[in-house]
Amino acid sequence: MKRLIWPIFISIPVLLNTLSGVSFYAASALYLVIGFSLNRGSLNFFKKWRFWVFVLFIVSFYPLIMPGKDIRIFGFALASKKYLLESLKIAITGLVMFTWIFVLTSYTSPQDIAGFFARLGMRDIGVYVTIALNLVPIIVHSVETTYLAMRLRGGFRWSIRRLTLFVITVFRNVILLAENLTIAIALEGFEKCCS
Amino acid sequence: MQRSRERAYIVVFALVWGVWEMFGGAVVHALNLPFKGVFMSLVAVPIILTARTFVPTRGSTLKIGVIVAIMKIFSPGGFVLSPFLAILIEATMAEVILSLTRSTFPGYILTGGFIVMWSPLHRLLIQGLILSKRIYYFYLELLKKLTGLLGLPESQALKVFLGYLVILFIVGALDGLFAYIVSRRLKEEVRI
Numbered sequence: 002m003k004r005l006i007w008p009i010f011i012s013i014p015v016l017l018n019t020l021s022g023v024s025f026y027a028a029s030a031l032y033l034v035i036g037f038s039l040n041r042g043s044l045n046f047f048k049k050w051r052f053w054v055f056v057l058f059i060v061s062f063y064p065l066i067m068p069g070k071d072i073r074i075f076g077f078a079l080a081s082k083k084y085l086l087e088s089l090k091i092a093i094t095g096l097v098m099f100t101w102i103f104v105l106t107s108y109t110s111p112q113d114i115a116g117f118f119a120r121l122g123m124r125d126i127g128v129y130v131t132i133a134l135n136l137v138p139i140i141v142h143s144v145e146t147t148y149l150a151m152r153l154r155g156g157f158r159w160s161i162r163r164l165t166l167f168v169i170t171v172f173r174n175v176i177l178l179a180e181n182l183t184i185a186i187a188l189e190g191f192e193k194c195c196s
Numbered sequence: 014m015q016r017s018r019e020r021a022y023i024v025v026f027a028l029v030w031g032v033w034e035m036f037g038g039a040v041v042h043a044l045n046l047p048f049k050g051v052f053m054s055l056v057a058v059p060i061i062l063t064a065r066t067f068v069p070t071r072g073s074t075l076k077i078g079v080i081v082a083i084m085k086i087f088s089p090g091g092f093v094l095s096p097f098l099a100i101l102i103e104a105t106m107a108e109v110i111l112s113l114t115r116s117t118f119p120g121y122i123l124t125g126g127f128i129v130m131w132s133p134l135h136r137l138l139i140q141g142l143i144l145s146k147r148i149y150y151f152y153l154e155l156l157k158k159l160t161g162l163l164g165l166p167e168s169q170a171l172k173v174f175l176g177y178l179v180i181l182f183i184v185g186a187l188d189g190l191f192a193y194i195v196s197r198r199l200k201e202e203v204r205i
């Protein structure tokens, strides 16, 4: 089933954009049932009030502001029936896509994605990502130190000159880090795995 | 040694862009600021272009983009499809422009312009993919209404949107210019 996740996901916008009427609702229901059966965690969407606000916004906002209002309540022309149906379809498509994004993320690990790019010819990507993730604290510390140093030397006012100095300092530290990494790579630390 | 150096620079510049996408992106997203995408790409452009100055080989920018996209999965917000795709598209765009212009000054300007201009278009693309192409009808109607509010005829709606894109392109081009100045200065100072 894992191999079918991506093809099914890609087929959703293609199919739901071309179908109309009953077939659209049937296909959406089928996608939702498969999605929920693959990952029940995706049902958590229904518990979030933000999600319902989003759905309500999509369904109500456009029909209320669009021209051609033919739905009347207490004599007032309130909304457009044509746009209400279109909005409903948009909301259903969104619901199917969000469910499947959830399914997709639960079935796809970073290793899978690195593996995909490796098959495309970027074999060393996995190693690069691992090294980069290990260096995250160093770069965060470096940026913080630069910012604090500039503040201590007379305050950090946002001007082009200050910004240029800040960026150059950060990049210079980055280059120093790169030079250290170059030595590590040249000392065969990573060379064999990356060639 | 030169190959090792290239690898190290790819990793390190990807790291800087990745940190910005992971932490900066999470903060910008949480604050729900307007023009989030424009802001994110304005910071990304100098990183991409400075990286290209130090690693001028073909494919280096694309590699950086792929590393950043994978790093983005580890961001506090979790795996978000839209920024993941945005990073890959931006890197591909930069790679194509810089390869065609051989990383010259016009290439820097064009890369900056196109990357910044892409952010609203990316939003439209993603919303079209997730919420179906039907959403475009509404956007078009909204644009017509907005054009009416500006006191212009509705037929000018597309021109208003194109005007907005041109403004973004100019802002991005200025960012590209900033990146060019910074990277040249760095190259002179470091002299590798």
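These protein sequence lines are chains A and B, in that order.
In case it helps, our numbering puts the first sequence at residues 2 to 196.
In case it helps, our numbering puts the second sequence at residues 14 to 205.
Just so you know, even glycine gets a beta-carbon here, dropped at the ideal spot from N, CA and C.
Remember, it's a predicted structure, so these values are computed and weren't measured experimentally.
query = With distances taken between CB atoms, is the gap from Ile148 (chain B) to Ser95 (chain B) smaller than 8 Å?
reply = no
ask   = Does the region 143 to 162 of chain B come close enough to the region 76 to 88 of chain B to have 3 or more Cβ pairs within less than 8 Å?
value = no
query = Looking at Gly78 (chain B) and Thr105 (chain B), is the spacing between their C-beta atoms short of 8 Å?
reply = yes
query = Of all the CB atoms in chain D, is at least one closer than 8 Å to the CB of Phe172 (chain A)?
reply = Chain labels in this structure do not include chain D; the protein chains are A and B.
key: Residues sharing a beta bridge with Ala80 (chain A), DSSP   = A:Ile72
ask   = Since Phe118 (chain A) meets chain B, which of its residues come closer than 7 Å, beta carbon to beta carbon?
value = Val79
ask   = Is it a yes or a no for the region 179 to 187 of chain B touching the region 156 to 168 of chain B, going by three-plus beta-carbon pairs under 8 Å?
value = With the cut-off at 8 Å, the region 179 to 187 of chain B and the region 156 to 168 of chain B do not touch.
key: chain B contacts from the region 95 to 112 of chain A (Cβ-Cβ distance under 7 Å)   = Gly95, Met98, Ile102, Thr106, Pro111
key: Limits of the alpha helix (DSSP H) - the one that Arg158 (chain A) falls within   = Arg158 (chain A) -> no alpha helix (DSSP H), and no H or E assigned at all.
ask   = CA-CA distance, Thr131 (chain A) and Thr109 (chain A)?
value = C-alpha separation (whole angstroms): 17 Å.
inquiry  = Please list, in chain order, the residues of the region 148 to 160 of chain B that have any C-beta partner in chain A closer than 9 Å.
reply    = Ile148, Tyr150, Phe151, Glu154, Leu155, Lys158
query = Do the region 196 to 205 of chain B and the region 168 to 186 of chain A make contact, defined as three or more Cβ pairs closer than 8 Å?
reply = yes
key: Phe117 (chain A) (DSSP reduced to helix, strand or coil)   = DSSP places Phe117 (chain A) in helix when its eight states are reduced to three.
query = Of all the residues that make up the region 119 to 144 of chain A, which are near chain B by a beta-carbon distance shorter than 8 Å?
reply = So the list reads Met123, Asp125, Ile126, Tyr129, Val130, Ile132, Ala133, Leu134, Leu136, Val137, Ile140, Val141, Val144, given in the order they occur along the chain.
ask   = So with Cβ pairs under 8 Å, would you call Gly185 (chain B) a contact of chain A?
value = no
As assigned by DSSP and simplified to three states, the class of Gly38 (chain B) = helix
inquiry  = Beta-carbon within less than 8 Å of Met98 (chain A)'s beta-carbon, same chain only, minus the 5 sequence neighbours each way: which residues are those?
reply    = Ile13, Pro14
task = Determine, using beta-carbon pairs with one atom in the region 123 to 138 of chain A and one in the region 20 to 40 of chain B, whether at least three such pairs fall under 8 Å.
result = yes
query = From the beta carbon of Lys49 (chain B), is the nearest beta carbon of chain A less than 8 Å away?
reply = no
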